[in-house]
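Okay, so here's the structure we're looking at.
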Amino acid sequence: MQLDLPFLRSSRPIAQPDPGVEFIRTRRARRYILRVKPDGTIRLTIPRSGSRSEAIGFMQRHVAWIAKERARVRRDQAPVRWTDGSTILLDGEVTTIAVRRTGESVTATYGTRVVRVKDVSDVRPCIERDLRDLARERLVPRLRALAAGLDLTVTRVTIRNQRSRWGSCSRAGAIALNFRLVQMPPSVWEYVLVHELMHLTQQNHGPRFWTLVKRACPSFQESERWLRTTGRSLF
Numbered sequence: 000m001q002l003d004l005p006f007l008r009s010s011r012p013i014a015q016p017d018p019g020v021e022f023i024r025t026r027r028a029r030r031y032i033l034r035v036k037p038d039g040t041i042r043l044t045i046p047r048s049g050s051r052s053e054a055i056g057f058m059q060r061h062v063a064w065i066a067k068e069r070a071r072v073r074r075d076q077a078p079v080r081w082t083d084g085s086t087i088l089l090d091g092e093v094t095t096i097a098v099r100r101t102g103e104s105v106t107a108t109y110g111t112r113v114v115r116v117k118d119v120s121d122v123r124p125c126i127e128r129d130l131r132d133l134a135r136e137r138l139v140p141r142l143r144a145l146a147a148g149l150d151l152t153v154t155r156v157t158i159r160n161q162r163s164r165w166g167s168c169s170r171a172g173a174i175a176l177n178f179r180l181v182q183m184p185p186s187v188w189e190y191v192l193v194h195e196l197m198h199l200t201q202q203n204h205g206p207r208f209w210t211l212v213k214r215a216c217p218s219f220q221e222s223e224r225w226l227r228t229t230g231r232s233l234f
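Residues 0 to 234 (numbering that gives the first Met the number 0) make up the sequence shown, in order.
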């Protein structure tokens, strides 16, 4: 599940070291539209009457703009340091980080979680490692339980540090989940799990897909709103 879901997605690598380009064809687009996503990937929207070859030509004519936009994205994506007194989300609630030194031991507490840290000037790496552990504890068994209840087969579940997706599902049945999901309200991350599970039967975002999502998660639109309005703050 991407931060903003496309009508249709396909990927095609371009000259290295470029990370790639996503071609999106949509009925609503009347012109070619370029966008650089947070992970540096180029998203190129193609109008109904357009072609991939024309799209590549359009992209090549805008290489200077792409380079400038990627530089801006890198600046914007510089991680904010977390220190004593910083606030983060956990289970959708604001929690304050407290860094404490006891003898030679230094810990950071957030919510009910206590993490050993080394660098008091930035405890974010240590807390994010702990969030990944928490995600494995919570998300993996819940995903498998949901899959069993829906009579779906998941071949593999991984927890990742994704920058532009909340989750993904391969045609082979492997699902990857963003560890930041545990920072959301449980109802929101449960929707993301359902969303990815529905891709086991529908590898697209067409009407049939959304019918299945709504059947399994009737209030999914509320979760979508939370993701749009608050989700980006988790990065």
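We put the beta carbon where it would ideally sit given N, CA and C, even for glycine. These numbers were taken from a predicted model, which means no experiment stands behind them.
Cβ atoms of G91 and P184: under 7 Å apart, would you say? As a position in the sequence shown, residue 184 is number 185, starting the count at 1. As a position in the sequence shown, residue 91 is number 92, starting the count at 1. Yes, the pair counts as a contact, with Cβ atoms nearer than the cut-off.
Please report the distance separating the alpha-carbon of G230 from that of G49. Position 231 of the sequence shown, counted from the first residue, corresponds to residue 230. Position 50 of the sequence shown, counted from the first residue, corresponds to residue 49. Using only the alpha carbons, I get a separation of about 33 Å.
Those residues which DSSP pairs with T86 across a bridge: For this step, residue 86 is matched to residue 87 along the sequence shown. Per DSSP, T95.
Determine the DSSP secondary structure at V181, reduced to helix, strand or coil. For the purposes of this step, residue 181 is taken as the residue at position 182 of the sequence shown. Helix.
Kindly give me the distance between the Cβ atoms of L145 and L192, rounded to whole angstroms, as I take these residues to be in contact under 8 Å. Numbered from its first residue, the sequence shown carries residue 145 at position 146. Numbered from its first residue, the sequence shown carries residue 192 at position 193. Indeed they touch by this definition, with Cβ atoms about 6 Å apart.
Close Cβ partners of D129 (< 7 Å) along its chain, the five nearest in sequence each way excluded: Here residue 129 refers to the residue found at position 130 when the sequence shown is read from its first residue. These residues qualify, in order along the chain: R112, V114.
Assigned secondary structure, I13 (DSSP; H/G/I helix, E/B strand, else coil): Residue mapping note: residue 13 aligns to position 14 of the sequence shown, counting from 1. With a pLDDT of 32 at I13, under the threshold of 50, the modelled position of this residue cannot be trusted, and the question is left open.
Whole-angstrom Cβ separation of L89 and A134, contact assumed at under 8 Å? In the sequence shown, residue 89 corresponds to position 90, counting from 1. In the sequence shown, residue 134 corresponds to position 135, counting from 1. That pair is no contact at about 12 Å.
Just reading off the beta strand (DSSP E) that V156 is part of, what are its end residues? Locating residue 156 in the sequence shown gives position 157, counting from the first residue. Note, V156: beta strand (DSSP E), 155–159.
Can you grab the Cα-Cα spacing for the pair E196 / W81, in whole Å? The residue given as residue 196 occupies position 197 in the sequence shown. The residue given as residue 81 occupies position 82 in the sequence shown. Checking the sequence shown, residue 196 turns out to be Leu, not Glu. If I take the Cα positions, the gap works out to 33 Å.
State the Cα-Cα distance for the pair T40 and G84, rounded to the nearest angstrom. The residue given as residue 40 occupies position 41 in the sequence shown. The residue given as residue 84 occupies position 85 in the sequence shown. Near 34 Å, if we compare the C-alpha coordinates of G84 and T40.
Quick one: which unbroken beta strand (DSSP E) runs of 3-plus residues sit fully inside the region 31–73? Chain order, please. 32–35, 41–45
If we ignore side chains and look at the alpha-carbon of each, how far apart do I87 and S186 end up? Taking the sequence shown and counting its residues from 1, one reaches residue 87 at position 88. Taking the sequence shown and counting its residues from 1, one reaches residue 186 at position 187. Spanning the two alpha carbons is a distance of roughly 18 Å.
DSSP-derived helix/strand/coil call for V105: On the sequence shown, residue 105 is found 106 positions in, with the first residue counted as 1. Correct three-state label for V105: strand.
Beta strand (DSSP E) containing S169: first to last residue? For the purposes of this step, residue 169 is taken as residue 170 along the sequence shown, with counting starting at 1. S169 -> no beta strand (DSSP E), and no H or E assigned at all.
Starting from V113 and walking both ways along the beta strand (DSSP E), at which residues does that stretch end? Indexing the sequence shown from 1 puts residue 113 at position 114. Counting along the chain, the beta strand (DSSP E) containing V113 begins and ends at 112–115.
Across which residues does DSSP place V79 in a beta bridge pair? Residue 79 sits at position 80 when you count from the first residue of the sequence shown. For V79, which the question treats as bridged, DSSP gives no partner whatsoever.
I need the boundaries of the beta strand (DSSP E) containing F22, first residue and last residue. Taking the sequence shown and counting its residues from 1, one reaches residue 22 at position 23. Segment 20–24, the beta strand (DSSP E) holding F22.
For the alpha helix (DSSP H) that contains V235, what are its first and last residues? Residue 235 is absent from the model: the chain starts at 0 and stops at 234.
Straight-line gap, I96 to I158 (C-alpha atoms, nearest Å): Residue numbering aside, residue 96 sits at position 97 when the sequence shown is read from its first letter. Residue numbering aside, residue 158 sits at position 159 when the sequence shown is read from its first letter. So the alpha carbons of these two residues sit roughly 23 Å apart.
So V98 packs on V122, CB below 8 Å; how close in whole Å? In the sequence shown, residue 98 corresponds to position 99, counting from 1. In the sequence shown, residue 122 corresponds to position 123, counting from 1. Going by Cβ atoms, the distance from V98 to V122 rounds to 6 Å, so yes, they are a contact pair.
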